[in-house]
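As structure tokens, the structure follows; a few thoughts come after it.
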Amino acid sequence: MQMRSDSEIIVMIKALEDVIIPALDPANKLAVEQAHLVTMTLKVMQGQLPMQFRFDHDELTRLVGAAAKLKHVCAEDGEAAEALRHMNAAQAEAQSVLERSRVDPARLLVSIRALRSSISALVAVAGRNDASEAFSPAERVVLDISKEQLLRDRSLLILTGNEIDPAAVPAIGDLVASFE
Amino acid sequence: MGHVEFRAHPDKDRPSAEWITQLRRRFVIEPQVDRLLLRKMELRAGPPYQPVPLARLTEGVHSLLRAEIGPDFTMSRERWLSGGASKLQMAFDLEWHRPSVGREVTPMVLRMEPAESIVATSRLREFQLIKALEGTVPVPPTFWCDEDGTHLPYPALIYGFAKGVTKPISSKSGVSGSNTTLPPDVAAKLAPQFISQGAALHGFDYKHSDLSAFTAPMPGTQCAEWGVDWWERVWEEDSDEDIPLLRVAASWLRRNAPVLDKPVIVHGDYRLGNFLFDEETTTITAHLDWELGRLGDRHQDLAWTTSAAFQTFAEDGKTQLVCSMLPEPEFLEAYEKAAGVSVNPRTLHWYKIYNNFSLAILMLGTGYRVTKLGKTHQDVLVHWLMGIGHVILDEMRDQLEKGC
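Going down the list, the sequences are from chains A and B. First residue of the first sequence: 661, per our numbering; consecutive thereafter. First residue of the second sequence: -12, per our numbering; consecutive thereafter.
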């Protein structure tokens, strides 16, 4: 998937700064102020998005540590006992989540790109050495995986309005496997 | 013939001279196309597109006109034109002494490249094609070309403003003119003109025209091979993440390259949205956007025109219409009759795959690169077009599955 949030934000900022804001009526203070705020918000998102996972992971790690310390310093009686039970359950769940999310999503993307590249190289070689009009077994594998992947790509971008029959494309939530 | 090589990824944002040379050796293409891709890569590391005020364009046009016709002219009513995804356009009026006409005010259009476009093409090629076809098919009168950006910030050409609309004022269409639906009465009047003018284009004897910026392919499969190498080279130059399906398509296209029977002028983007017509008389007034033109195979245009991307449904909600005009079999039959040549279904199918191959490369490869580097005047539009890339790829996959 080449059309991603990072590049989408870049082109939106450029359109705002180069074309839209210069064309606004300076007398329309509300529009000018909000256009600048939209630009600044996009720039905040631009810095925030690549760090969001690490930021959340870091916070959860420290919260789990804090919960461990609280267990030792809070008395287990009265109203506190009930609250402590809830916190312990939440800490156990958080610990489990941390253990299952050790890989940064950015690393996932690096692997996708590396594998796309090496599969492309391999199938190009296989195609070059094949003289038949039809497809080699390696090319057949690529055709099959492409059919599955392109359906997901199209579903994810359904709001771009490029489908002749949008209703025929399944929802992305039904196509992409859940982690749980 | 190009092929994938196993090595570290090159820096495509700042390409080295060595890597550019390697690409030129690997992909054998029409010499003039090679030169324009070379120019693109040599300028790649340069600055992004800087917004150009109308005053700067006016100054550049003044400089060009002084060099071409001397100081006796006046420009007025300079204004931006929208439309299209690749080039900037400014309309203006020129009061001048027009050869063979006399003193007049001619409405003009300046068409200029941005720093790097969704498709790297040559203004000189566009200029020569339009000039050559004056009197054969409706084209705007074309006047001057600033081939290397000597006068203007980037290469540009100036042609006469052609009157007309690309679609009925009341109709709707998608970004860049796709999915336009014509009312049946309008379609019935436009279809015969559109088809006969396509036939006239392909029947035009170009050998006596100044087409020095073109090379005709040799008999055989060179035309097809040049085409596949052209776009795979662009993919190597521009793409970010690779797409294995494009590699399968490239191999299949090479293995099944059709033999060219007769080289003709190919428009390269012959479709509804790329011609103007007078809404009152429903007469086509000018075919536009010749930048992808080449000397090649008529089936390339036919495959493009009949592409699913430019089809709409008839009023029955079932029948698909080529450019919102006719069902494909009727369209092709009418073309054969008008052109006096046959349509080879295998070659047509090959070019449908080839066209989608090139389109996917432009949308997903070049579209990514030029917007990442801020090279155009409308990155947000070029980026938006990436969303069509996967639909086109899936159609190409389906076409590959169908084979020859």
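Note that beta-carbon positions come from the ideal geometry of N, C-alpha and C, so glycine has one too. As the structure is a computational prediction, the values presented were derived from the model and not from experiment.
Residue-level contact to chain E via CB, residue i, 9 Å cutoff
{"i": "Q662(A)", "result": "Annotation note: the requested chain E is absent from the structure, which comprises protein chains A and B."}
Distance between residue j and residue i (C-alpha atoms, nearest Å)
{"i": "S109(B)", "j": "L816(A)", "result": "36 Å"}
{"i": "F(-7)(B)", "j": "L10(B)", "result": "Because the pLDDT of F(-7)(B) is 47, which lies under 50, any placement of that residue in the model is unreliable, and the number read from its coordinates should be weighed accordingly. C-alpha separation (whole angstroms): 14 Å."}
{"i": "H370(B)", "j": "L351(B)", "result": "9 Å"}
{"i": "F191(B)", "j": "I252(B)", "result": "7 Å"}
{"i": "R812(A)", "j": "G147(B)", "result": "46 Å"}
{"i": "R241(B)", "j": "V215(B)", "result": "7 Å"}
{"i": "G(-11)(B)", "j": "F795(A)", "result": "At G(-11)(B), the pLDDT of 48 sits below 50, so the modelled position is not reliable; the number obtained from the coordinates is stated separately. Approximately 19 Å, taken between the alpha carbons."}
{"i": "V404(B)", "j": "A784(A)", "result": "Since the first residue of chain B shown is -12 and the last is 391, residue 404(B) is not available in this structure."}
{"i": "D764(A)", "j": "Q712(A)", "result": "10 Å"}
{"i": "D804(A)", "j": "D790(A)", "result": "19 Å"}
{"i": "T208(B)", "j": "E759(A)", "result": "58 Å"}
{"i": "L697(A)", "j": "I673(A)", "result": "11 Å"}
{"i": "I7(B)", "j": "L263(B)", "result": "39 Å"}
{"i": "H189(B)", "j": "A326(B)", "result": "8 Å"}
{"i": "H709(A)", "j": "T269(B)", "result": "Looking at the sequence provided, one finds Leu at residue 709(A) rather than His. So the two alpha carbons sit approximately 52 Å from each other."}
{"i": "H195(B)", "j": "Q115(B)", "result": "12 Å"}
{"i": "T306(B)", "j": "F300(B)", "result": "6 Å"}
{"i": "T272(B)", "j": "P125(B)", "result": "6 Å"}
{"i": "G376(B)", "j": "D(-2)(B)", "result": "24 Å"}
{"i": "S73(B)", "j": "A726(A)", "result": "56 Å"}
{"i": "V609(A)", "j": "A749(A)", "result": "Past the edges of chain A, shown from 661 to 840, lies residue 609(A), and the structure says nothing about it."}
{"i": "L144(B)", "j": "L275(B)", "result": "13 Å"}
{"i": "W277(B)", "j": "R53(B)", "result": "26 Å"}
{"i": "I832(A)", "j": "Q809(A)", "result": "11 Å"}
{"i": "Q37(B)", "j": "Q365(B)", "result": "11 Å"}
{"i": "D718(A)", "j": "I348(B)", "result": "40 Å"}
{"i": "L346(B)", "j": "A107(B)", "result": "13 Å"}
{"i": "P316(B)", "j": "L51(B)", "result": "47 Å"}
{"i": "S771(A)", "j": "V836(A)", "result": "18 Å"}
Residue i, buried or exposed, once every other Cβ within 10 Å from all chains shown has been counted against 16
{"i": "F715(A)", "result": "exposed"}
{"i": "P206(B)", "result": "exposed"}
{"i": "I340(B)", "result": "buried"}
{"i": "T61(B)", "result": "exposed"}
{"i": "Q298(B)", "result": "buried"}
{"i": "A119(B)", "result": "buried"}
{"i": "G688(A)", "result": "Here the sequence assigns Asn to residue 688(A), which means Gly is not the residue at that position. When all chains shown are included, N688(A) counts as exposed."}
{"i": "W239(B)", "result": "buried"}
{"i": "S87(B)", "result": "exposed"}
{"i": "S157(B)", "result": "exposed"}
{"i": "K729(A)", "result": "exposed"}
{"i": "G260(B)", "result": "buried"}
{"i": "G122(B)", "result": "exposed"}
{"i": "W217(B)", "result": "buried"}
{"i": "C210(B)", "result": "buried"}
Closest by C-alpha distance to residue i, when choosing among the options
{"i": "Q706(A)", "options": "A798(A), D666(A), A784(A)", "result": "D666(A)"}
{"i": "G374(B)", "options": "E823(A), A687(A), V785(A), D834(A)", "result": "E823(A)"}
{"i": "L775(A)", "options": "Q209(B), D229(B), F344(B), Y355(B)", "result": "D229(B)"}
{"i": "F344(B)", "options": "Q287(B), T272(B), E65(B)", "result": "Q287(B)"}
{"i": "P128(B)", "options": "S104(B), V96(B), L23(B)", "result": "V96(B)"}
{"i": "S792(A)", "options": "L51(B), V235(B), T167(B)", "result": "V235(B)"}
{"i": "M700(A)", "options": "I681(A), A827(A), D825(A), K731(A)", "result": "I681(A)"}
{"i": "A78(B)", "options": "T363(B), V309(B), G354(B), K150(B)", "result": "K150(B)"}
{"i": "S311(B)", "options": "T153(B), P231(B), H364(B)", "result": "T153(B)"}
{"i": "L319(B)", "options": "T293(B), N342(B), W337(B), E302(B)", "result": "T293(B)"}
{"i": "G304(B)", "options": "L41(B), R31(B), T168(B), L23(B)", "result": "T168(B)"}
{"i": "D172(B)", "options": "G89(B), D21(B), D59(B), E302(B)", "result": "E302(B)"}
{"i": "L232(B)", "options": "D825(A), A837(A), A798(A)", "result": "A798(A)"}
Contact set for residue i: own chain, Cβ-Cβ below 6 Å, skip 5 residues either direction
{"i": "L279(B)", "result": "G255, D256"}
{"i": "L313(B)", "result": "A178"}
{"i": "L282(B)", "result": "F201, A203, P250"}
{"i": "Q386(B)", "result": "K339, I340"}
{"i": "E17(B)", "result": "T202, W213"}
Sequence-distant residues of its chain with Cβ nearer than 8 Å to residue i (five each side left out)
{"i": "E212(B)", "result": "M(-12), V15, R241, A244"}
{"i": "K359(B)", "result": "D0, D227"}
{"i": "L684(A)", "result": "A691, V692, A695"}
{"i": "Y322(B)", "result": "I182, G185, A186, L289, V330"}
{"i": "R773(A)", "result": "none"}
{"i": "A766(A)", "result": "P710, F713"}
Same chain, Cβ closer than 7 Å to residue i, neighbours up to 5 away in sequence not counted
{"i": "M663(A)", "result": "L817"}
{"i": "E134(B)", "result": "R110, L111, P142"}
{"i": "V392(B)", "result": "Because chain B here runs from -12 to 391, residue 392(B) falls outside it and cannot be looked at."}
{"i": "L723(A)", "result": "A754"}
{"i": "I669(A)", "result": "L702, M705, Q706"}
{"i": "G354(B)", "result": "I105, V369, H370, L372, M373"}
In chain order, each beta strand (DSSP E) run of at least 3 residues that lies wholly inside the stretch 109 to 194 of chain B: 129 to 133, 143 to 147
Entirely enclosed alpha helix (DSSP H) segments - the stretch 675 to 747 of chain A, minimum 4 residues: 689 to 733
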